[in-house]
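First up is the structure itself, then whatever we jot down about it.
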Amino acid sequence: MLNNRDTKGETFETLAGASLQCCDGSEYWVLLSSALIPGESQVLWAGVFQKKNTVDAAVAIFDISPSQTAPVSGFCLNKDECNEEDTKKSDLVKDKVLKPAAVVFRSSSITSVAALRSNSWNVLYFCTGTGLLIKLVVDASLKPGCPTVLYSSNEDQQMLPRILFTPVHHTDIYMALGKQTLRDCWSALDPFCGWCVSQNRCSFQHDCSSSDWVSVPGTSQQREIISVHMKKSTNGQVVTVTAAPNLNSGIDFSCALEKCDIPGPSSCSCNLSSESFPAEGLSLSVNITIQRETLIKEVHLENCSTIRGGPPSALCMQCFSAGCMWSLSGDACTWRTASTADNVTAQDVCRNLTPGQNQTKPEILSMTPDKVSIHGRNGAVIKGRNLKSVTKVRFQGNMDCNPKESPVMSHSGNSSSNESLTFHIPSGTKSTVIVCVLTQDGQCHGNTKLTYASQPTCSGLSPNTTWASGGREILFVGSKLEFVEKVKHGESSEEITPVLRPLSGKLVYSTPPGLSDSPMPRQESVMLMVGNYSVSCKVKLTYHPDPHFTSFTTTRTGKDMSVVIQKTADYLELKREDIRVQAMQGEKSYGCVIEGIEPSADTTSVVCEISNQTGLSIDTLKITVGRFSVSLKKPGKNLLYIIPILIFITVTICVVGAVVYFNRKKQRMLMNQMNKRLEMLECDIRNDIRQGFVEMQTERSELVSSTGAIPFLDYKHFASRIFFPEDGLLATSMMKDMTQLSVKEQQDPSCRALSHLIRDPLFLVSFIHTLEEQKNFIIKDKCVVASLLTLALHDDLPYLTQVMEQLLVCLMEQPSNAQPKLLLRRTESIVEKLLTNWMSVCLYGFLRECVGQPLYLLVCALTEQISKGPVDSVTGKALYTLSENDLLSQTQVFIPLKLTVLFAVGTEGEVSEPLDVCVLDCDTVEQVKEKILLTFHRKFGFRYTQQLHDIDIEFEQSGCYVALQEVDSSSEMMGEVTMLNTLKHYRIPDGSTIKVITRKVQVPKSPTLSFKEEPDFQTKYFHLIDPELADNKNSERKKLKVKEVYLTKLLSTKVAVHSYVENLFKTIWGTSNNRPPHAVKYFFDFLDSQGENKNISDPEVLHIWKTNSLPLRFWVNILKNPQFVFDLEKTPLLDGCLSVIAQAFMDSFSLTEQQLGMHAPTNKLLYAKDIPRYKQEVKAYYKKVQEQPALSSREFKDFLQEESKKHVNEFNESEALSEIYKFIHRYFDQIEEKLEKTTAPSRLKEELQQVRELFVSKKKISWE
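Sequential numbering of the sequence shown, starting at 1, is according to the numbering used here.
Laid out in structure tokens, this is it:
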């Protein structure tokens, strides 16, 4: 800032200024845009500041009036360089720092700002990177009003990098809101816009005379155009009700209060007797007249004395909302008086009434979904604790003065720590809002974020044609399609649920039937339903008549048969996957695989092939296209050819029959019996092999459509399970509970002394070497000591890394490691366990951000695949698995069933809406109940109110319900062993109705409640696998046990989950942002440097070292134990599958070629063809890591320090130090001897002795 003087030099000598600091001195902010707010006395300046490396931005207003400036430093007049005198003068000047007068707005992606002033009001305009134009009104005291979105683009396009106004009226970017009444125009709270009474519309002030222009007052912000207040007189006999309009000055109005008997001191007031004031309250009507305009407000006045009952916090909120005052001394609602302060708010008073409820206040753990479109979402779910008292869900955005609230639709949960509630997310603007849950006392609990994004767009359909019967899969082309909930056609009320493929992100749906009797094409508009809003697709879907198949011909080639089907040409453009063909020979059906479609001008030929079928003669073809199906009969042949063939066959049969009858009558009886048994065995084996082949060819890889929120464990639980996998009590003692996390641990003198001692590298290395030299120091002790040191030094990872490197160098130099390829292969020393822990700590971020989702998808896919086939309830073996040891080798034919399940919801026989549940006819009653509860959870997003052991199921038969039990009087017996009842046992057909009821408490517990808890459960009961009984004469039930027949099930399971396995592997040995994790790069470079120091020229040695350090020591542990990362239960079947995948993962890092033969284990054979490709990818990964630029010591040290800071105060360091001292105490003499041999400084021996004395003293004090 400069002042005008006589000369140029004098003018520059008046230079003054200040430095601006926003918005929190601890953060670094970058100025993006600014605007000067014009004014006469006070000069204001608005700036948009963005926090460095984030999109968070704030708008701050500074007072830059001349009185706020001061001389600036580093300024020399008319000189290229400052001389010594100028420098001394400049050093004496300290720049003045200005802080914001007010921070008026916070949001993300703000790009520009412009400002205007109207009287005492300041009006700011912002543009955002998401396509929003926002207006904010600020009063004279710089208190912001409610932001208004003037414009919102349909897509996330950055708009208006600069905001300009016209130089005359500054109204170019103003957007009229189309208000039609005085109340609506006033409610906009816009100082530029007011109601022109003479023109009966909203207008600018310069377009209307001053006496006719009604606008908001310039003194303060009000939410209502008419305010009504109650106050009680000093003597307590009269209640005065006063009404006032909140208008700009200079407006004449008249006022009247109806239903008021005694006039008050002014025309807008009346007096009421406190004794006759109704207990239920009083209704009044307030009429405000401004020229020809009349405003009417109906108000209901509450009797403050009758607001009683209920918790004080809820009563306090109700008291303030009624216009009364809460008395803290009497915990009661009282009348306001003339002495009552007007600035007392409910938040100031009522929030102090709920300190004792912290133990039961609701907590939000997760919300699904956490990102929606601007139109909201139906059926959202919040999971948390203590949610029973929640009545509403609140959405508070940066641009919402009045937050939006949504009522809770339903609650569910089996305990206060595992609850969920369902609600609807309302529409909003593109921003991130805070979500909390409201209780009856008006308090809002929890704090989770919800992001509003642009609405979905649909630019195309692929394909854009379908047939009249429907059933064609249509792919949407567009953006933000993950927000689509339903799909509708035209004016139809039917809503179709689309399917979002999780891996590709593609949205597809199956078309509904159209008008089948229409011979002409018909177009239907396609609507995407998002919340309660519909988005039209730019391309319409065309319905054509169903395809017309006319005839077919067959041609045999060896054992195969080729079928050519003729079809009338149309515009459907059918694909091979749209058509399914079944060839019929009598009652038998054969699949015909589509080989190609050959279109021509008038007809289209569909070619399919039936493989490896001799003697096949097709009678009928059944062709299915979506929901349309047609059967084609084989054309008849000339009878002249048929009759001779029939005669020949008849004569042949008679001759053969006579010969057999007379010559082999006795042998035929025996052979028939043997053939019957062989045919049954052959048929079983043939069917099993064919079924396995079909599954391998038709298996779909999309087992998991959605995972919802991934249940990650927090860091301290993850680390404790890695550090102490076999000692749960020790792991629990090392973690702080929730009440200690925010409190810095205060160590006692003994622990402080030991902590200081182990931070001496000479002592720590000597201590570790001493322990490992002791013969009674077992491997389990070594692992415990390594983990305790990791916890004790977790706040100083750079030092821990330094010690680990020193110990590794010593390990490499030991004579026992003469074979370098065996280094780090096992965990037989402290440093090897220390390396495992170090990798886990440093790679936790990469595991959670990159690998967590693919790993969780794989676990979900394996669980889904296992449940598709039979699982023996007694032995736990399954038909679909990757482990041969868990393979179900004896199973019967099973049929999938779809049951209609009803839930009893009342005491008078009321039931819920039906729920479709897919089961198998070989499932036991308990397995059916498990699938019912699982389906309920997946559909509604919350668990059923009752647990498995609290419910029974009943089967509807002839109008009445029959109870289904695991074992009852009708159960089949085999010797002394009882077969568990299945749906097949109860003869329950497809489509049956099942009712779920709550098990009554007063009924004595049935013995079926605890079958699996009985010690002889596996000997008393059986399910799918027959018991080994010597006297079993039931040949029909007894099956041939040939496990090799079912090995194809292993392969079909592998095919089903293959895409998830590959995605996981590629994520692990991939590089995020083209850079490997810091810990991997640093440690691999460390191994390379050690190889150079030891003159190791064999590249295989370095490859083995890296493999033993990273995949063998860390990733295999994670793959086999997902419960270390997620909050889930690992079943034995899941454990077997993960072990096979982990073996394939390690084989990918091996340098030796596998020689697999006929008797090789199946877990090796399953991935035999994939391993060579994986090996090449691993080598490329190792090479890419090696070629990356090396990390500097400073850069890696900063990384380690940052990792330490992330998890400060999460572990009980004192407990870890106390456990370490137990080992020092056990080997104290040996440690002292070791220090003497290493010529350690005397201070180390003194510190060691001091630690011993402090711990002994501590023990004595604890005993006393």
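Each residue gets a CB set at the ideal place from its N, CA and C atoms; glycine is no exception.
Secondary structure of residue i, DSSP reduced to three states
{"i": "Gly591", "result": "strand"}
{"i": "Glu293", "result": "strand"}
{"i": "Glu1036", "result": "Bear in mind that the predicted position of Glu1036 carries a pLDDT of just 45, short of 50, making it too unreliable to give a figure here."}
{"i": "Trp467", "result": "strand"}
{"i": "Gln865", "result": "helix"}
{"i": "Val344", "result": "coil"}
{"i": "Glu40", "result": "coil"}
{"i": "Gln50", "result": "strand"}
{"i": "Glu1219", "result": "helix"}
{"i": "Tyr1021", "result": "strand"}
{"i": "Glu524", "result": "strand"}
{"i": "Lys567", "result": "strand"}
{"i": "Trp335", "result": "coil"}
{"i": "Thr1008", "result": "Since pLDDT at Thr1008 reaches only 43, below the 50 mark, its modelled position is unreliable, and the value read off the structure follows with that caveat. Helix."}
{"i": "Met175", "result": "The predicted position of Met175 is uncertain, since its pLDDT is 39 and thus under 50; no value can be drawn from it."}
{"i": "Ile474", "result": "strand"}
{"i": "Arg1226", "result": "helix"}
{"i": "Val785", "result": "helix"}
{"i": "Asn675", "result": "helix"}
N-terminal and C-terminal residue of the beta strand (DSSP E) that residue i is part of
{"i": "Asn418", "result": "Asn418 to Ile425"}
{"i": "Pro245", "result": "Val238 to Pro245"}
{"i": "Ala188", "result": "That residue, Ala188, is in no beta strand (DSSP E); it is neither H nor E in DSSP."}
{"i": "Leu136", "result": "Leu132 to Val138"}
{"i": "Tyr509", "result": "Leu507 to Ser510"}
{"i": "Asn1108", "result": "Per DSSP, Asn1108 belongs to no beta strand (DSSP E); it is in the alpha helix (DSSP H), Pro1099 to Ser1109."}
Exposure of residue i, with buried meaning 16 or more beta-carbon neighbours within 10 Å
{"i": "Thr1265", "result": "What is shown of the chain runs 1 to 1264, which leaves residue 1265 out entirely."}
{"i": "Asp348", "result": "exposed"}
{"i": "Glu913", "result": "exposed"}
{"i": "Cys654", "result": "exposed"}
{"i": "His445", "result": "buried"}
{"i": "Phe1255", "result": "buried"}
{"i": "Asp872", "result": "buried"}
{"i": "Thr345", "result": "exposed"}
{"i": "Thr455", "result": "The sequence given here has Gln at residue 455, not Thr. Under this definition Gln455 is a buried residue."}
{"i": "Lys1265", "result": "For the chain, the structure presents residues 1 to 1264; residue 1265 sits outside this window and is missing."}
{"i": "Pro1007", "result": "Residue placement at Pro1007 is flagged as unreliable, the pLDDT there being 44, under the threshold of 50; a coordinate-derived value is accordingly withheld."}
{"i": "Val831", "result": "buried"}
Neighbour flag for residue i against chain B, beta carbons, 8 Å
{"i": "Glu258", "result": "Checking the listed chains, one finds no chain B in this structure; it contains a single protein chain."}
Extent of the continuous alpha helix (DSSP H) to which residue i belongs
{"i": "Gly1091", "result": "His1078 to Asn1093"}
{"i": "Leu1064", "result": "Leu1047 to Ile1068"}
{"i": "Val1140", "result": "Pro1132 to Asp1147"}
{"i": "Met812", "result": "Leu797 to Glu813"}
{"i": "Asn1163", "result": "Thr1162 to Leu1166"}
{"i": "Pro761", "result": "Pro761 to Glu773"}
Check your understanding: Using 8 Å as the threshold, is the stretch 644-651 in touch with the stretch 570-586, meaning 3 or more CB pairs across them?
Key -> no
**Study point:** Inter-stretch contact at 8 Å, needing at least 3 Cβ pairs: the stretch 770-788 / the stretch 719-732
**Key:** yes
Practice item. Would you mind listing the beta strand (DSSP E) stretches within the stretch 870-922 that are 3+ residues and don't spill past its ends, in chain order? Key: 896-903 and 915-920
Point to revise | Inter-stretch contact (C-beta, 8 Å, three-pair minimum) for the stretch 555-574 and the stretch 474-491 | key: no
Exercise for review: May I ask you to verify whether the stretch 1113-1133 touches the stretch 872-883, counting CB pairs closer than 8 Å and requiring at least 3?
Suggested key: yes
Check your understanding: Using 8 Å as the threshold, is the stretch 813-828 in touch with the stretch 1099-1119, meaning 3 or more CB pairs across them?
Key -> yes
Review point. Going along the chain, which unbroken runs of the alpha helix (DSSP H) with 4 or more residues stay wholly within the stretch 816-862?
Key: 830-842
Practice item. Say whether the stretch 526-544 touches the stretch 583-600, bearing in mind that this needs 3 or more beta-carbon pairs closer than 8 Å, one atom from each stretch. Key: no
Review point. Between the stretch 389-407 and the stretch 430-450, do at least 3 Cβ pairs fall closer than 8 Å?
Key: yes
Practice item. Could you tell me whether the stretch 1084-1094 touches the stretch 910-927, where touching means 3 or more Cβ pairs closer than 8 Å? Key: no
Check your understanding: Is the stretch 1214-1227 close to the stretch 765-773, with three or more CB pairs under 8 Å?
Key -> yes
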